[in-house]
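For reference, each letter of the sequence shown is one residue, going -23 to -1, 1 to 541 in mature numbering (1 follows the signal peptide of the UniProt record, and there is no 0). Where is the CB? At the ideal position from N, CA and C, for every residue including glycine. These numbers come from a predicted model, not from an experiment. What follows is a set of notes on a single structure, which appears directly below.
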Amino acid sequence: MAIWNLLWLYILILYVNNGRMEASHKVYPQFQSLSAVNIRQLHHTAFHFQPPKNWINGPMYYNGIYHIFYQYNPKGAVWGNIVWGHSISKDLINWKELEPAICPSKHFDIDGAWSGSTTILPSNKPIILYTGVDSNGIQTQNYAVPENLSDPYLRKWIKPGNNPLIDPENGVNATAFRDPSTAWWLNGRWRVLVGSERNSRGIAYLYRSRDFIHWTKAKHPFHSAPNTGMWECPDFYPVSLSSKEGLDPSYMGKHVKHVLKVSLDDARYDYYTLGTYLTNDDKYVPDNASVDGWAGLRYDYGNFYASKTFFDPAKRRRILWGWVNESDFTQDDVKKGWAGIQAIPRIVWLDTNQRQLKQWPVEELNTLRGEIVKMSHQKLKKGHHIEIQGITAAQADIDVTFYIPSLDKTEEFNPSWEDAQRLCANKGSKVEGGVGPFGLLTLASKNLEEYTAVFFRVFKTSKKHVVLLCSDARSSSLEDGIYKPSFAGFVDVDLADKKLSLRSLIDHSVVESFGAGGKTCITSRVYPTLAVLDNAHLYAFNNGDETIIVKNLNAWSMNKAKMN
């Protein structure tokens, strides 16, 4: 039974015009009152947001304070009895817990206050749109407002009596109608998307309103695609063609592309396309090179789902935050306390090639850096591994640039190798190659009985080089019966300078990796038994014929963030 079918952690972030929270929504009555236990301390993260019990769902920024709202079952450790938990922060890294913001209490949400979004109205008043589920499983879109705007923490929220605002009309699947997006303003009306599915076609419905209370469904879907299943957590926003700066969701200038992200319920991964917003028709058209569905682009090629972006006007950036999902989640896992975790918030912007997005951890994370260890011009011959000593290897931030002296030994790339994850599984870190595999062995035991390998492998075609980035967890734990996948993505990079960079955030049971400056990102959730706490090690390695140079490596021990 997949963890993402049980618990969803999403993010609702609100800053001036933004925010929203996501959730996957299967209810398991047999588990709803199963007690949650404290997270197994060996695997409890130190600088990723993680609740002491159960799991999480979102953030927002309002009047100088970030708020994170999260899907929370106060009576148990799986999906059901869902309320909106609430924590606050001034820096996206350190958090303090508050009382729940929204609880099921009305006929329209008696079976759960599910995912939603937050928008700041022109009068600087935040308003939440969220999906409520009634006793018949019907999903409607409802709203809540702060009880006291003078409270800087916005502790209490109320549901006005004119809910629900949006009911599923005829032709809409009433049990697959959820996750209202961040709203944007255009030509005198607010617009919002709601995810849905009909006959295996994923759909983003568009609704318009002049006053944010009375909503009308557009005649045609904003966008849809066949054979993609339920579209959860739709997210729509502009990105600049010429700058890393983020844009307000209502910005409609000439020099932009738009991003439409959906979380595919069938695949349990987030996919996005780049395209054009046809404002006259209120439709979205992906670029010819941007593909809907399973073959499309992903924010993250690992354990990452139900993400949400928001525009941060204070620092002119767009921030992405997602849920580190898992698989094969069992009742025994609940007892062990393997609960949900938020990925580190990332800035996101359009790559200069205009074919994809790039991501990087927010700068606030650097405030947790402690002691630093440096390495440069270190040769890695075939079969060699070098330990990076002097840091807390289970709780670290590593930024390394590798130099490839020659690409002459690069392996031929077979055109049938379209599936990066399958290719990584067939050509793992132990399989010798021409150029690579080379990279890092994270959360490794002293004798390498356990490790999570994060590495590059380079291939060639008649026209270009093909770079594969893997995060392979198959050797991450000696424990049997747990999910230990090999994740991978191709890296769209030019090797003219023969350099590849890699940054990995290691946090006890999470390894987040950013290849080539954030072109390809992979998050792995792992559960080592030997490579824990002070018994964890970190190595640079090479199993390819070509000698690799560690041109520059910086590794920091990371301090613990303040949580709750």
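**Study point:** Supposed contact pair residue 268 and residue 172 - C-beta distance, whole angstroms, cut 8 Å
**Key:** Contact doesn't hold; Cβ gap of about 19 Å is too wide.
**Study point:** Buried versus exposed call for residue 200 [16 or more other C-beta atoms within 10 Å across all chains shown]
**Key:** Residue 200 should be labelled buried.
Check your understanding: Touch check for the segment 387 to 403 and the segment 506 to 516: three-plus C-beta pairs under 8 Å?
Key -> Under the three-pair Cβ rule at 8 Å, the segment 387 to 403 does not count as touching the segment 506 to 516.
Review point. Which residues in the same chain as residue 476 place their Cβ atom closer than 8 Å to its Cβ, once the five residues preceding and following it in sequence are excluded?
Key: For residue 476, the CB contacts under 8 Å within the same chain, skipping 5 residues up- and downstream, are 378, 379, 380, 381 and 528 in chain order.
Check your understanding: Measuring CA to CA, which of 165, 449, 384 and 483 is closest to residue 441?
Key -> Comparing Cα-Cα distances from residue 441 to each of 165, 449, 384 and 483, the minimum goes to 384.
Exercise for review: Have a look at residue 342 and residue 296 and give me their C-alpha separation to the nearest angstrom.
Suggested key: Annotation: residue 342 to residue 296 spans about 13 Å, alpha carbon to alpha carbon.
Practice item. Whole angstroms is fine: what's the gap from residue 452's alpha carbon to residue 71's? Key: Going by the C-alpha atoms only, they are around 32 Å apart.
Review point. Going straight from the alpha carbon of residue 73 to that of residue 219, what length do you get?
Key: Roughly 37 Å separates the two Cα atoms.
Exercise for review: Please look up how many angstroms separate the CB atoms of residue 121 and residue 79, rounded, as I've assumed it's under 8 Å.
Suggested key: Taking the Cβ atoms as the reference, residue 121 lies roughly 6 Å from residue 79, within the contact range of under 8 Å.
Review point. Can you name the start and end residues of the beta strand (DSSP E) that residue 447 belongs to?
Key: Per DSSP, the unbroken beta strand (DSSP E) holding residue 447 starts and ends at 442 to 449.
**Study point:** residue 76, buried or exposed, once every other Cβ within 10 Å from all chains shown has been counted against 16
**Key:** Label assigned to residue 76: exposed.
Review point. Residues in its own chain within less than 6 Å of residue 151 by CB, not counting five upstream and five downstream?
Key: Leaving aside the five residues that flank residue 151 on each side, the residues in its chain whose CB is nearer than 6 Å to its CB run, in chain order, 115 and 145.
**Study point:** Backbone secondary structure at residue 401 - three-state DSSP
**Key:** Residue state, collapsed to three classes: helix.
Check your understanding: Is residue 526 near the ligand MN, judged by its Cβ being under 7 Å from some heavy atom?
Key -> You won't find the ligand MN in this model; it holds no ligand whatsoever.
Practice item. Could you tell me whether the Cβ atoms of residue 420 and residue 536 are closer together than 8 Å? Key: No, these two residues do not count as a Cβ contact at 8 Å.
Point to revise | Reduced DSSP category for residue 500 - H, G, I as helix; E, B as strand; rest coil | key: Three-state result, residue 500: strand.
Check your understanding: residue 559 lies in the beta strand (DSSP E); which residues open and close that run?
Key -> This structure gives no information on residue 559, because the portion of the chain shown stretches from -23 to 541.
Practice item. With a 10 Å radius around its C-beta and 16 neighbouring C-beta atoms as the bar for buried, classify residue 285 as buried or exposed. Key: Residue 285 is buried by the Cβ-count criterion.
Practice item. Look at residue 414 and residue 434 and say whether their C-beta atoms are less than 8 Å apart. Key: Judged by their CB atoms, residue 414 and residue 434 are nearer to each other than the 8 Å cut-off.
Review point. What's the C-alpha gap between residue 130 and residue 317?
Key: Whole-angstrom Cα-Cα distance: 24 Å.
Exercise for review: Let me know the secondary structure DSSP gives residue 343 once reduced to three states.
Suggested key: Annotated three-state conformation of residue 343 is helix, per DSSP.
Exercise for review: Quick one: grab the DSSP three-state call for residue 542.
Suggested key: As displayed, the chain neither begins before -23 nor continues past 541, which places residue 542 out of reach and without an answer.
Practice item. Would you identify the three-state DSSP class for residue 196, choosing helix, strand or coil? Key: Residue 196 sits in coil when the DSSP states are folded into three classes, being neither helix nor strand.
Review point. CA-CA distance, residue 356 and residue 256?
Key: The alpha-carbon of residue 356 is positioned some 55 Å away from that of residue 256.
Review point. Just the Cα atoms here: how many angstroms apart are residue 143 and residue 457?
Key: For residue 143 and residue 457, the distance between alpha carbons rounds to 47 Å.
Point to revise | Range covered by the beta strand (DSSP E) that runs through residue 48 | key: Going by DSSP, residue 48 is part of the beta strand (DSSP E) stretching over 42 to 49.
Check your understanding: Are there 16 or more other CB atoms within 10 angstroms of the CB of residue 20, so buried, or fewer, so exposed?
Key -> When all chains shown are included, residue 20 counts as buried.
Practice item. Please classify residue 45: is it buried, with 16 or more other beta-carbons within 10 angstroms of its beta-carbon, or exposed? Key: So residue 45 counts as buried.
Check your understanding: How about residue 175 and residue 91: are their beta carbons less than 8 Å apart?
Key -> No. Outside cutoff.
Point to revise | Segment contact flag, the segment 260 to 276 with the segment 346 to 366, C-beta cutoff 8 Å, min 3 pairs | key: No, because fewer than three Cβ pairs between the segment 260 to 276 and the segment 346 to 366 fall closer than 8 Å, the two stretches do not touch.
Practice item. Would you mind stating whether residue 333 and residue 496 have Cβ atoms separated by less than 8 Å? Key: The beta carbons of residue 333 and residue 496 sit closer together than 8 Å.
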